[in-house]
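First residue of the sequence shown? That's 327 in the numbering used here, and the numbers climb one at a time after it. Backbone N, C-alpha and C define an ideal beta-carbon position, used for all residues, glycine too. In what follows, a structure is listed as structure tokens, so that the remarks can point back to it.
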Amino acid sequence: MIGRCGALLALVAWQAALWRGLLAGGSAESVLWQAWLALLSYGGLGLVCGVVAQWIVQLGARDTLAQTPGEEA
327 MIGRCGALLA LVAWQAALWR GLLAGGSAES VLWQAWLALL SYGGLGLVCG VVAQWIVQLG
387 ARDTLAQTPG EEA
């Protein structure tokens, strides 16, 4: 789940940066450089979001399993 979240966010950012740069008429070198930076930064951001989401789910499951059957949340 973590890898998919980071990879998906990175690929969407890379694609958006490429299209935006090409439609704006930027040079190929600057468009590819900006897309590369977007890929790295949003990939890292997606990785952090995936780790936090996994952590929250694990804590919620642990708390749910730790409750006694007659106890309410």
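By the Cβ neighbour-count rule, L365 is buried, with 16 or more other Cβ atoms within 10 Å of its own.
In this structure, the CA atom of A342 is about 20 Å from the CA atom of G329.
Comparing alpha-carbon positions, the option among L348, Q360, G372, W359 lying closest to A333 turns out to be G372. About 6 Å separates the beta carbon of L344 from that of V357, a gap short enough to meet the 8 Å contact definition.
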